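Asks:
Number of protein chains: 2
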Amino acid sequence: MHPMVTNKESEEKGGGARAKARPASKPRGRPRSFDRETALEKAILAFWEHGYEATSVSDLTRVMDIGAPSLYAAFGDKQSLFEEVVREYGVRYGSFADRALAEEPTARAAVARMLREAAAEYTDPAHPYGCLVVHAATNCSTPEVEESLRGRRNANIAAIRSRIEADIVAGALPADVDAGALARHAGAMIQGMSQQARDGASREELEVLAEIAMSIWPRT
Amino acid sequence: MHPMVTNKESEEKGGGARAKARPASKPRGRPRSFDRETALEKAILAFWEHGYEATSVSDLTRVMDIGAPSLYAAFGDKQSLFEEVVREYGVRYGSFADRALAEEPTARAAVARMLREAAAEYTDPAHPYGCLVVHAATNCSTPEVEESLRGRRNANIAAIRSRIEADIVAGALPADVDAGALARHAGAMIQGMSQQARDGASREELEVLAEIAMSIWPRT
DNA sequence: GTAATTCACTAGCGGTCGCTACAAAAATCA
DNA sequence: TGATTTTTGTAGCGACCGCTAGTGAATTAC
Numbered sequence: 001m002h003p004m005v006t007n008k009e010s011e012e013k014g015g016g017a018r019a020k021a022r023p024a025s026k027p028r029g030r031p032r033s034f035d036r037e038t039a040l041e042k043a044i045l046a047f048w049e050h051g052y053e054a055t056s057v058s059d060l061t062r063v064m065d066i067g068a069p070s071l072y073a074a075f076g077d078k079q080s081l082f083e084e085v086v087r088e089y090g091v092r093y094g095s096f097a098d099r100a101l102a103e104e105p106t107a108r109a110a111v112a113r114m115l116r117e118a119a120a121e122y123t124d125p126a127h128p129y130g131c132l133v134v135h136a137a138t139n140c141s142t143p144e145v146e147e148s149l150r151g152r153r154n155a156n157i158a159a160i161r162s163r164i165e166a167d168i169v170a171g172a173l174p175a176d177v178d179a180g181a182l183a184r185h186a187g188a189m190i191q192g193m194s195q196q197a198r199d200g201a202s203r204e205e206l207e208v209l210a211e212i213a214m215s216i217w218p219r220t
Numbered sequence: 221m222h223p224m225v226t227n228k229e230s231e232e233k234g235g236g237a238r239a240k241a242r243p244a245s246k247p248r249g250r251p252r253s254f255d256r257e258t259a260l261e262k263a264i265l266a267f268w269e270h271g272y273e274a275t276s277v278s279d280l281t282r283v284m285d286i287g288a289p290s291l292y293a294a295f296g297d298k299q300s301l302f303e304e305v306v307r308e309y310g311v312r313y314g315s316f317a318d319r320a321l322a323e324e325p326t327a328r329a330a331v332a333r334m335l336r337e338a339a340a341e342y343t344d345p346a347h348p349y350g351c352l353v354v355h356a357a358t359n360c361s362t363p364e365v366e367e368s369l370r371g372r373r374n375a376n377i378a379a380i381r382s383r384i385e386a387d388i389v390a391g392a393l394p395a396d397v398d399a400g401a402l403a404r405h406a407g408a409m410i411q412g413m414s415q416q417a418r419d420g421a422s423r424e425e426l427e428v429l430a431e432i433a434m435s436i437w438p439r440t
């Protein structure tokens, strides 16, 4: 008798819930009385603001406006809901970093844009301050959860490093550049900016920070 | 992590009269059976590693090797114990920043030393990684505790800023230097380094980070 | 219609949380 | 010797934690 919940719909095949390409038939039983996407967004905001541990299931059922059994049926247990929240956060709010790395012509331009956009994103009053990936699972008594976000942070730094190394190979950066150090510096700036946003720094202050931080890059 | 046998404080054997600096008269009731300083140190390490929320009173009584009533009698409730822990942490582990600001001849030298020593301190295997002030009260459901550490972080940045402004007045830094931005950058580096130490960065990696971070300072 | 299926709600499980009442134990004071 | 004062260990308080059994409501399939 595992506490395991059979994740009936966690596979979520990309298509709209029930409006679009459905395999012909309507679902069998009583329909859900809440919008799953909306409830998930509320969960994102709650975890973003208070972190994994400090957000209780009863907090979640309140802000998502559903009962506990509905939450467990729709999202699994607290930990799997948080995993989905982190994934969706990455799509809705954390994609600016990957976009900068993919779209800018050089690593330097990518990091500059990344920091500039982080200053705006982390201080946007439309949602909690800072970065969920940086703050939501620090001091977490569930090691897997803490490790999961740690992995994401380190993966982000590794992605920046790869982009820098690509520039070195392409000759856009000097061969003696320490790609790891530059990438780590960008990561530290991101994390420091997130912390300072939470501590009350303004967008303008973080933008100045982002700008002067770029002066460590070699002149090209 | 020594095994550390809990030496139940053998009651002073020779004449009690010449035993160290005694406060005038002996206390009236049954003497305490544990060393308060040692117990406090254990509490520091526990809060440092797991944070305020994730460290339960039962965790504390276990690592401090005392019963709950003894803990409450000696330190007050969990929150006031944490306050004392933070104070004592500042004295025992966090004083390198203030010392650098006080002892170095210039703000630049002070910040350079501060970052260099942070790289060593935050990765010292003799205690938990990173900085307690940065990490122990994020996502804390007791607002006063979270606010308290936030205040310390912002005060540290303000202290760096004051030191920089003093250098500007003294002519050791150009008059057009943005003291606030430079100080904020140092704070972001400290916080980013603390996070990366927790995420597994080595002392050498953080030292490189500390060094390149100093290149944002104007050449003097 | 009836059966089958899925969701919502109430109620509550065992466990841990921070904290404390209580009485025995160990010291000083008279 | 008591009487007093303080600490100690036991034992457990009420509140909240994550989570779920059980029952009835809402829908489709036959």
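Protein chains in written order, with my numbering: chain H, 1 to 220; chain A, 221 to 440. Think of the CB as a built atom: it goes at the ideal place given N, C-alpha and C, for glycine as much as any other residue. Bear in mind that the values here come from a model prediction, so they are computed numbers and not experimental data.
Measure from the alpha carbon of residue 385 of chain A to the alpha carbon of each residue in A/374, A/401, A/370, then state which is nearest.
Replies: Ranking the options by Cα distance to residue 385 of chain A, first place goes to A/401.
Asks: Output yes if chain H places a C-beta closer than 8 Å to the C-beta of residue 485 of chain A; else output no.
Replies: Only positions 221 to 440 of chain A appear in this structure, which leaves residue 485 of chain A out of reach.
Asks: When the cut-off is 8 Å and only beta carbons count, does residue 416 of chain A lie next to chain H?
Replies: Yes, contact with chain H.
Asks: In three-state terms, what does DSSP make of residue 156 of chain H?
Replies: In this structure, residue 156 of chain H counts as helix in the three-state DSSP scheme.
Asks: Does any residue of chain H bring its CB to less than 8 Å from the CB of residue 347 of chain A?
Replies: Not closer than 8 Å to any Cβ of chain H, the Cβ of residue 347 of chain A fails to qualify, so no.
Asks: For residue 387 of chain A, is the classification buried or exposed, using 16 other Cβ atoms within 10 angstroms of its Cβ as the cut-off for buried?
Replies: Residue 387 of chain A is buried by the Cβ-count criterion.
Asks: Might you give, ordered along the chain, the residues of its own chain that have their beta carbon closer than 8 Å to the beta carbon of residue 238 of chain A, omitting 5 neighbours on each side?
Replies: With a pLDDT of only 31 at residue 238 of chain A, under 50, the local geometry of the prediction cannot be trusted, and no value is derived from it.
Asks: Does residue 26 of chain H come out as helix, strand or coil in the three-state DSSP assignment?
Replies: Of the three classes helix, strand and coil, the one that applies to residue 26 of chain H here is coil, per DSSP.
Asks: Around the Cβ of residue 234 of chain A, are there at least 16 other Cβ atoms within 10 angstroms (buried) or fewer (exposed)?
Replies: Legend: pLDDT at residue 234 of chain A = 32, less than 50; position of this residue unreliable, value from coordinates given subsequently. Its Cβ having fewer than 16 others within 10 Å, residue 234 of chain A is exposed.
Asks: What is the residue span of the alpha helix (DSSP H) that residue 316 of chain A lies within?
Replies: Start and end: 315 to 323.
Asks: Out of curiosity, what's the CA-to-CA distance linking residue 281 of chain A and residue 365 of chain A?
Replies: Cα to Cα, residue 281 of chain A sits roughly 20 Å from residue 365 of chain A.
Asks: Cα-Cα, which of H/198, H/153, H/96 is closest to residue 374 of chain A?
Replies: Selected option, being the one with the closest Cα: H/198.
Asks: Residue 93 of chain H to residue 196 of chain H, Cα distance in whole Å?
Replies: Whole-angstrom Cα-Cα distance: 18 Å.
Asks: Can you list, in chain order, the residues of the segment 151 to 170 of chain H whose Cβ is nearer than 7 Å to any Cβ on chain A?
Replies: Listed in sequence order: 153, 154.
Asks: Does any residue of chain H have a CB that is nearer than 8 Å to the CB of residue 351 of chain A?
Replies: Answer no: the Cβ-Cβ gap between residue 351 of chain A and chain H never drops below 8 Å.
Asks: Within 8 Å of any Cβ in chain H, is that where the Cβ of residue 299 of chain A sits?
Replies: No, because no Cβ of chain H sits closer than 8 Å to the Cβ of residue 299 of chain A.
Asks: Which chain A residues are close to residue 199 of chain H, counting only those with a beta carbon under 8 Å from its beta carbon?
Replies: Those within 8 Å of residue 199 of chain H in chain A are 370, 373, 374.
Asks: If we call anything under 8 Å between Cβ atoms a contact, is residue 103 of chain H one with residue 44 of chain H?
Replies: It is not a contact, given that the beta carbons lie outside the stated cut-off.
Asks: Roughly how many angstroms separate the alpha carbons of residue 359 of chain A and residue 179 of chain H, rounded to a whole number?
Replies: Residue 359 of chain A and residue 179 of chain H: Cα-Cα distance of roughly 33 Å.
Asks: If we call anything under 8 Å between Cβ atoms a contact, is residue 408 of chain A one with residue 381 of chain A?
Replies: No, these two residues do not count as a Cβ contact at 8 Å.
Asks: Output yes if chain H places a C-beta closer than 8 Å to the C-beta of residue 320 of chain A; else output no.
Replies: Residue 320 of chain A does not count as touching chain H.
Asks: Would you mind listing the alpha helix (DSSP H) stretches within the segment 373 to 429 of chain A that are 4+ residues and don't spill past its ends, in chain order?
Replies: Within the segment 373 to 429 of chain A, the complete alpha helix (DSSP H) runs of at least 4 residues are 399 to 418.
Asks: Residue 216 of chain H to residue 113 of chain H, Cα distance in whole Å?
Replies: Taking the straight line joining both Cα atoms gives about 15 Å.
Asks: Check this for me: beta carbons of residue 267 of chain A and residue 311 of chain A, under 8 Å apart or not?
Replies: Contact: no.
Asks: My understanding is that residue 81 of chain H touches residue 405 of chain A, with C-beta atoms under 8 Å, so please give their C-beta distance in whole angstroms.
Replies: At roughly 37 Å, the Cβ-Cβ gap does not stay under 8 Å, so residue 81 of chain H and residue 405 of chain A are not in contact.
Asks: Have a look at residue 337 of chain A and residue 316 of chain A and give me their C-alpha separation to the nearest angstrom.
Replies: Going from the Cα of residue 337 of chain A to the Cα of residue 316 of chain A covers about 7 Å.
Asks: Select from H/69, H/74, H/55, H/50 the residue whose C-alpha is nearest the C-alpha of residue 36 of chain H.
Replies: When only C-alpha atoms are compared, the closest one is H/74.
Asks: Could you compute how far the alpha carbon of residue 69 of chain H sits from the alpha carbon of residue 193 of chain H?
Replies: Taking the straight line joining both Cα atoms gives about 38 Å.
Asks: Would residue 26 of chain H and residue 57 of chain H be called neighbours here (beta carbons separated by less than 8 Å)?
Replies: No, the Cβ-Cβ distance between residue 26 of chain H and residue 57 of chain H is not below 8 Å.
Asks: Tell me whether residue 213 of chain H sits in a helix, a strand or coil according to DSSP, three-state version.
Replies: Reduced to three states, the DSSP call for residue 213 of chain H is helix.
Asks: In three-state terms, what does DSSP make of residue 289 of chain A?
Replies: Three-state DSSP puts residue 289 of chain A in a helix.
Asks: Give me, in chain order, the residues of the same chain whose beta-carbon lies closer than 8 Å to that of residue 347 of chain A; leave out the 5 immediate sequence neighbours on both sides.
Replies: Once the five neighbours on either side are set aside, the close Cβ partners of residue 347 of chain A are 265, 268, 313.
Asks: Within the 8 Å Cβ cut-off, does residue 255 of chain A reach chain H?
Replies: Chain H, which has no Cβ nearer than 8 Å to the Cβ of residue 255 of chain A, makes this no.
Asks: With a CB to CB cut of under 7 Å and the five nearest residues on each side skipped, what residues in its chain are close to residue 120 of chain H?
Replies: Contacts found: 203.
Asks: Are the CB atoms of residue 163 of chain H and residue 110 of chain H nearer to each other than 8 Å?
Replies: A contact, by the Cβ cut-off of 8 Å.
Asks: Here's the rule: buried if 16 or more other CB atoms are within 10 angstroms of the residue's CB, otherwise exposed. What is residue 274 of chain A?
Replies: That one is buried.
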